[in-house]
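Protein chains in written order, with the working numbering: chain A, 382 to 727; chain B, 2 to 361. Backbone N, C-alpha and C fix where the C-beta goes; we use that ideal spot for every residue, glycine too. Okay, so here's the structure we're looking at.
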């Protein structure tokens with residue numbers, strides 16, 4: 382009897398799925414479908430845990446910047462300067478470590494400072510001077526890219542010992558190793574960047590879910606006018622979203638730098654587009670107010686899995702990657718457009 | 002007093018901004034190095050008379066930008082957003098031109114098709130890609146910049162794919178005329194092409210309702226709908242027109258080097274085109290526009306670029322300086338700063354008039 386009643390209540394109270402959870406569900410399903418498809422059609426490579434960890438290793442920086450991008454997009458803005466900031470960070474850190482004999486700690490400080498500086502300026506321009514975020518960050522992107530060339534023109538590898546030691550540090554994941562072709566057991570590993578990225582995902586997830594600031598981001602993105610009437614400081618919220626995004630781009634830049642270990646003006650090219658694409662695939666709505674950090678995480682994974690599939694399928698010419706990412710982006714944009722239309726009808 | 006009125010009226014005119022920027026740049030160059038304005042008549046390697054000098058360079062290389070600015074102004078006015086895929090679509094369109102001209106052989110002795118046919122096919126291709134952007138923006142209601150992000154990401158890849166990633170080279174000198182000089186005429190051809198485009202758009206704006214309709218849609222989409230316009234179609238149309246502009250610009254671009262480099266061709270040109278629109282005093286959020294100001298803005302941007310090159314700024318570092326200019330321009334044009342400036346201006350005026358009264 383009681384059980385029946387409960388079921389009845391559940392039926393009656395059938396809560397319509399929120400956009401956030403619907404889009405998150407689509408993303409997660411797409412990712413798993415893709416990965417399983419890859420295992421089935423591409424052979425055993427994808428079955429090895431290390432393949433998955435390699436995806437994480439290569440995309441730790443993208444995960445971090447995409448998280449920042451999601452926050453800005455949830456607030457209703459956009460930031461396309463993240464790739465430029467990451468390139469600038471890696472170049473500045475490389476020059477500092479190699480030419481000025483700096484230490485790793487100083488390099489981290491430089492990375493964070495650059496990110497913060499970009500965030501403060503862009504946030505101010507967007508929030509307090511009410512300039513379109515796209516224009517501001519477009520200028521930011523070109524400024525960062527130009528500055529990278531001004532700092533140093535030629536790409537070079539960093540030879541600083543402490544840094545190389547940090548770069549080579551591998552954290553062994555217990556129980557996930559596999560036997561290689563020679564029959565030796567090889568431990569699975571992740572780089573430090575992955576740990577940083579996962580920590581950031583966790584922190585930001587909690588921030589967006591349970592803190593006042595996090596809920597403010599959603600409120601401002603959903604409807605700035607009503608957020609204002611609720612007594613939320615809209616400008617400060619927008620400002621903070623940009624500060625957080627650029628700050629994360631700074632961290633992402635350093636993690637990227639740790640992965641590649643060199644400075645170059647062409648580093649992280651297209652990272653902003655990949656970050657936006659991951660956020661959109663992860664269910665962050667461009668119109669603001671809808672999004673989820675976990676979704677973004679899966680968005681990055683989907684994106685990089687499809688890249689891996691494309692390259693392991695023998696279509697490793699550079700253009701296929703660009704075209705597949707664009708196609709995926711297009712698909713998810715259309716899904717979003719349909720979701721919005723559905724909401725309007727309801 | 003009368004003089005003051007004229008001055009303020011002049012300052013309110015939209016075209017004042019690019020003109021002022023142009024004059025500032027000209028004065029700067031005049032002070033730094035007057036030889037900037039020297040124009041010499043020489044002969045190029047083929048023996049044709051050509052004019053050379055920094056000013057000619059500006060007229061020459063500013064042409065593609067001016068052509069793009071025409072389309073970009075319309076897109077900005079109607080949709081309140083910008084198309085950031087123009088650089089990538091130029092790569093596609095240029096690739097199509099070369100593909101048609103070269104056929105399957107990447108180093109043909111003779112052209113495989115007349116240039117006009119290749120151009121028309123590239124026009125169709127560019128308009129199709131413009132239409133793709135337009136459909137996403139107008140009918141799926143995706144923000145223009147994000148919708149065009151798709152082609153921005155994929156465009157250069159598609160361009161490389163069209164030619165199988167080969168770099169075709171055209172040896173026929175006639176093809177080089179579009180981006181260089183026609184024998185006997187010392188003025189670069191791109192300038193004539195740009196002028197032709199300007200005349201066409203001036204006629205279109207004069208004799209059709211395109212200008213009125215785009216502004217109406219940009220100012221208020223809902224009320225334009227209530228007035229019987231079809232906002233979605235007009236937005237779509239502006240993107241197709243931009244596609245046409247892109248095709249013309251692409252023809253000039255590939256003709257300049259009689260070949261193509263997929264990753265470098267028209268790089269960062271979207272930034273310059275948006276900058277031209279902004280410099281023309283047009284609101285980047287849509288609505289009213291002034292085509293002449295945009296076109297002038299494009300030449301001012303090229304003036305700035307040429308000036309920076311003259312001072313040995315590396316081409317990769319160029320964006321950093323332009324970004325600063327954009328930010329200054331945009332900050333100056335924000336309502337917050339404007340009202341603050343006008344209030345400051347009023348205060349100064351008030352004080353001077355008070356002083357004048359006291360003196361009297």
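At the C-beta level, residue 94(B) and residue 247(B) come within 7 Å of one another. In the DSSP assignment, residue 400(A) falls within the alpha helix (DSSP H) that extends over 400 to 423.
Between the alpha carbons of residue 27(B) and residue 305(B) lies a distance of about 10 Å. As summarised for the segment 120 to 171 of chain B, the continuous alpha helix (DSSP H) elements at least 4 residues long and confined to that stretch are 145 to 163, given in chain order.
The beta carbon of residue 436(A) sits closer than 7 Å to those of 682, 685, 686, 689, all from its chain and outside the five residues before and after it, given in chain order. Judged by pairs of C-beta atoms under 8 Å, the segment 255 to 263 of chain B does not touch the segment 274 to 282 of chain B, as fewer than three such pairs exist. Close to chain A, meaning a Cβ-Cβ distance shorter than 8 Å, are the following residues of the segment 137 to 151 of chain B: 137, 141, 142, 143, 144, 146, 147, 148, 150, 151. DSSP, reduced to helix, strand and coil, places residue 651(A) outside both helices and strands of the structure shown, so it counts as coil. Assigned with DSSP and collapsed to three states, residue 440(A) falls in helix. For residue 344(B), DSSP assigns no beta-bridge partner whatsoever. The alpha-carbon of residue 151(B) is positioned some 40 Å away from that of residue 30(B). The alpha-carbon separation between residue 17(B) and residue 330(B) amounts to approximately 13 Å. Neighbourhood of residue 646(A) in chain B, by CB distance below 7 Å: 317, in chain order.
In its chain, beyond the 5 residues on either side, 407 have a beta carbon closer than 7 Å to the beta carbon of residue 716(A). For residue 52(B), the enclosing beta strand (DSSP E) stretches over residues 50 to 53. Closest option to residue 552(A), judged by alpha-carbon separation, among 675(A), 570(A), 602(A), 674(A): 570(A). In this chain, the beta strand (DSSP E) harbouring residue 42(B) covers 41 to 44. Within the segment 331 to 353 of chain B, the residues whose Cβ lies closer than 8 Å to any Cβ of chain A are, in chain order, 331, 332, 335, 336, 337, 338. Residue 56(B) has its alpha-carbon roughly 39 Å from the corresponding atom of residue 350(B). Under the rule that a run must span 4 or more residues, the alpha helix (DSSP H) segments found entirely inside the segment 281 to 320 of chain B read 292 to 311. Contact with chain A is found for residue 327(B), since one of that chain's Cβ atoms lies less than 7 Å from the residue's Cβ.
A check of alpha carbon separations from residue 279(B) across 328(B), 233(B), 245(B) identifies 328(B) as the nearest.
Of all C-beta pairs linking the segment 86 to 104 of chain B to the segment 300 to 316 of chain B, fewer than three are shorter than 8 Å, placing the two stretches out of contact. With respect to the 7 Å criterion, residue 577(A) and residue 615(A) are not classified as neighbours on the basis of their beta carbons. Neighbourhood of residue 716(A) in chain B, by CB distance below 9 Å: empty, with the nearest CB roughly 11 Å away.
The beta carbons of residue 101(B) and residue 89(B) sit no closer together than 7 Å. The C-alpha of residue 211(B) lies about 41 Å from the C-alpha of residue 617(A).
For the C-beta of residue 154(B), the chain A residues within less than 8 Å are, from N- to C-terminus, 651, 654, 658, 703, 706, 707, 710.
Not a single CB atom of chain A sits nearer than 7 Å to the CB of residue 75(B). Within the same chain, and ignoring the five residues on either side of residue 292(B) in sequence, the residues whose Cβ sits closer than 7 Å to its Cβ are 71, 74, 202, 206.
In this structure, the alpha-carbon of residue 122(B) lies about 11 Å from that of residue 252(B). By the Cβ test, the segment 541 to 551 of chain A is not in contact with the segment 647 to 655 of chain A, since fewer than three Cβ pairs between them sit closer than 8 Å.
Put simply, the CB of residue 277(B) is far from chain A, with every gap to its CB atoms at 7 Å or more. Among the residues facing chain A, residue 184(B) is not included, as its CB has no counterpart in that chain under 7 Å away.
At a C-beta separation below 9 Å, residue 321(B) has these neighbours in chain A: 523, 524, 525, 526, 527, 528, 529, 530, 531. For residue 272(B), the C-beta contacts it makes with chain A under 7 Å involve 519, 523, in order along the chain.
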